[in-house]
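This report refers to the structure that appears directly beneath it.
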């Protein structure tokens with residue numbers, strides 16, 4: 001970098017610093033933030049507190065199953081109540097430990113047990129590696145460290161359905177029955193899920209132990225979302241920077257997404273970020289619409305990124321047809337290109353019937369449009385089009401080693417052959 005470029009960069013940062021600040025504390029709008037008050041969740045707070053209050057009397061509380069759709073305040077409410085319990089327990093000189101585990105990340109029995117053991121490592125000096133030990137040995141260490149002294153241990157398993165679907169319910173069976181094996185400590189489990197169907201995966205004995213108490217979180221309506229956003233906005237933004245219609249619009253858009261408070265907070269935060277980048281003095285409704293578009297794009301990229309390999313190859317076949325000017329295409333035409341791509345990377349192709357099912361799945365996800373049209377005496381067929389630009393799909397696939405070998409491939413129209 002030469003001297004002129006360095007000077008320009010210095011001036012750029014100085015100009016950005018001088019621009020009017022939008023955010024006072026952006027962290028307030030993050031999902032991980034726990035506010036001092038939770039509007040429209042007082043009933044759930046009261047219920048959780050009633051279930052957990054036996055701790056303050058030296059009694060073991062029931063296990064709790066918390067459920068509701070995404071963005072209904074389950075995690076933040078559980079964190080709020082357990083933090084309050086810890087504060088009050090200090091006054092009564094009752095040791096309480098709350099161990100929060102996100103099962104989307106910690107998604108095996110071994111890792112859940114290891115995380116619990118390692119929570120106490122500063123106290124016990126015992127640390128379990130994240131792989132390598134026999135599971136029964138990790139469980140033995142877990143009992144040892146928990147039972148080292150008299151205390152209450154509350155284990156919060158967030159997104160518990162992810163753990164059960166991947167690794168089964170054995171870890172839950174152990175944790176919900178651990179008290180019979182402890183002499184000094186007492187353990188309670190709180191499971192949080194947005195998928196009620198996951199209960200079908202549980203052994204009836206595990207289900208009865210986990211669901212000693214159930215707390216349901218209904219979706220928020222637009223007015224409730226507006227209250228939540230107004231409360232957070234006071235802490236997050238400088239006075240006077242939010243346009244009058246910004247919060248109601250964020251609330252209305254999120255209410256359409258089954259009352260998702262996380263979506264509402266994301267919209268408000270991203271709208272503020274867009275306004276800040278533009279150097280605007282106010283966040284307006286235009287910034288909210290831009291935020292909505294950006295969030296939807298980011299969501300779509302994540303959906304494409306997490307598709308199974310066969311679906312990615314199928315999608316790339318549709319991309320090639322689009323780039324070759326051959327969309328809309330029917331299922332047979334897409335299948336022909338898909339088979340060639342499978343051959344190219346030595347992947348066993350699925351049957352055309354199975355590919356037809358995958359086309360329906362891509363359609364449901366909004367990545368493609370697969371419309372059934374009548375061809376008169378030739379019958380009915382699917383017309384397949386892309387809903388996402390080939391450029392965006394290629395960008396996602398560039399970072400995916402499983403599909404990278406196909407990115408250099410193009411389609412020769414006259415022979416419908418890969419080159």
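Numbering (full-length UniProt numbering), first residue to last: 1 to 419.
We put the beta carbon where it would ideally sit given N, CA and C, even for glycine.
task: Can you say whether residue 391 is buried or exposed, counting buried as having 16 or more other CB atoms within 10 angstroms of its CB?
output: Counting from one through the chain shown, the residue named residue 391 turns up at place 391. Exposed, by the Cβ-count rule.
When 153, 27, 42 and 43 are compared against residue 58, the one with the closest alpha-carbon: Your numbering for residue 58 matches position 58 in the chain shown. Closest by alpha carbon: 153.
message: What does the alpha-carbon distance come out to for the pair residue 60 and residue 177?
response: The residue given as residue 60 occupies position 60 in the chain shown. The residue given as residue 177 occupies position 177 in the chain shown. Each residue's Cα considered, the two are about 12 Å apart.
query: Do we get a CB-CB distance below 9 Å when we pair residue 357 with the residues of chain B?
result: As a matter of chain content, chain B is missing from the structure shown, which is built from one protein chain.
query: Is it the case that the Cβ atoms of residue 271 and residue 225 are separated by a distance below 9 Å?
result: Working through the chain shown from its first residue, we reach residue 271 at position 271. Working through the chain shown from its first residue, we reach residue 225 at position 225. Not in contact: residue 271 and residue 225 (Cβ atoms no closer than 9 Å).
- prompt: Secondary structure at residue 335, three-state DSSP: helix, strand or coil?
  reply: Numbered from its first residue, the chain shown carries residue 335 at position 335. Helix.
message: Quick test of your reading: residue 215 and residue 47, contact by CB under 8 Å. State the CB separation rounded to the nearest angstrom.
response: Residue mapping note: residue 215 aligns to position 215 of the chain shown, counting from 1. Residue mapping note: residue 47 aligns to position 47 of the chain shown, counting from 1. Indeed, because the Cβ distance is near 5 Å, the residues count as touching under 8 Å.
field: Which of helix, strand or coil DSSP assigns to residue 198
entry: To locate residue 198, count along the chain shown from 1; it is residue 198. Note: residue 198 maps to helix in three-state DSSP.
- prompt: Expressed to the nearest angstrom, what Euclidean distance is found between the alpha-carbon atoms of residue 116 and residue 307?
  reply: As a working mapping, residue 116 is identified with position 116 in the chain shown. As a working mapping, residue 307 is identified with position 307 in the chain shown. Straight-line Cα distance between these residues: approximately 32 Å.
- prompt: Which two residues bound the contiguous beta strand (DSSP E) that contains residue 102?
  reply: For this step, residue 102 is matched to residue 102 along the chain shown. Element bounds for residue 102: 96-102.
task: Since I believe residue 228 is in contact with residue 78 (beta carbons under 8 Å), could you give me their beta-carbon distance rounded to a whole number of angstroms?
output: For this step, residue 78 is matched to residue 78 along the chain shown. For this step, residue 228 is matched to residue 228 along the chain shown. Not quite, the Cβ-Cβ distance comes to about 17 Å (not below 8 Å), so this is no contact.
field: Euclidean distance between Cα positions of residue 420 and residue 81
entry: Here the chain covers residues 1 to 419 and nothing more, so residue 420 does not appear.
Beta carbon of residue 334 nearer than 9 Å to that of residue 359: One-based indexing of the chain shown puts residue 334 at position 334. One-based indexing of the chain shown puts residue 359 at position 359. Yes, Cβ-Cβ distance for residue 334 and residue 359 is below 9 Å.
- request: For the alpha helix (DSSP H) containing residue 82, list its first residue and its last residue.
  value: If you number the chain shown from 1, residue 82 lands on position 82. Looking at the DSSP string, the run of the alpha helix (DSSP H) that includes residue 82 is 74-91.
Residue 43 to residue 230 span [Cα, whole Å]: Within the chain shown, the letter at position 43 stands for residue 43. Within the chain shown, the letter at position 230 stands for residue 230. Their Cα atoms are separated by approximately 20 Å.
- prompt: Using the C-alpha atoms, what's the distance from residue 220 back to residue 187?
  reply: Working through the chain shown from its first residue, we reach residue 187 at position 187. Working through the chain shown from its first residue, we reach residue 220 at position 220. The straight-line gap from Cα to Cα measures roughly 32 Å.
- prompt: Quick check: the segment 335-350 against the segment 300-314, are there 3 or more CB pairs under 8 Å?
  reply: yes
message: If the criterion is Cβ atoms closer than 9 Å, does the pair residue 383 and residue 373 meet it?
response: The residue given as residue 383 occupies position 383 in the chain shown. The residue given as residue 373 occupies position 373 in the chain shown. In contact: residue 383 and residue 373 (Cβ atoms closer than 9 Å).
message: As an exercise, report each continuous alpha helix (DSSP H) stretch of at least 4 residues that is fully enclosed by the segment 316-397, in chain order.
response: 331-344, 352-364 and 390-397
query: How is residue 161 classed by DSSP in three states: helix, strand or coil?
result: Counting from one through the chain shown, the residue named residue 161 turns up at place 161. If DSSP states are grouped into helix, strand and coil, residue 161 belongs with the helices.
- prompt: What is the rounded straight-line gap between the Cα of residue 286 and the Cα of residue 276?
  reply: Locating residue 286 in the chain shown gives position 286, counting from the first residue. Locating residue 276 in the chain shown gives position 276, counting from the first residue. Residue 286 and residue 276: Cα-Cα distance of roughly 13 Å.
- prompt: What is the DSSP secondary structure of residue 146, counted as helix, strand or coil?
  reply: The residue you call residue 146 lines up with position 146 of the chain shown. Helix at residue 146.
query: Roughly how many angstroms lie between the CA atoms of residue 259 and residue 410, to the nearest whole one?
result: For the purposes of this step, residue 259 is taken as residue 259 along the chain shown, with counting starting at 1. For the purposes of this step, residue 410 is taken as residue 410 along the chain shown, with counting starting at 1. Near 44 Å, if we compare the C-alpha coordinates of residue 410 and residue 259.
- prompt: Relative to the C-alpha of residue 185, which residue among 94, 296 and 149 is closest?
  reply: Here residue 185 refers to the residue found at position 185 of the chain shown. Considering only alpha carbons, the answer is 149.
- prompt: Mapping DSSP to helix, strand and coil, what is residue 411?
  reply: Numbered from its first residue, the chain shown carries residue 411 at position 411. Strand, per DSSP.
- prompt: Exposed or buried, residue 50, counting other C-beta atoms within 10 Å across all chains shown (16 or more means buried)?
  reply: What you label residue 50 is simply residue 50 of the chain shown in a count that begins at 1. Counting Cβ neighbours within 10 Å, residue 50 comes out exposed, since fewer than 16 surround it.
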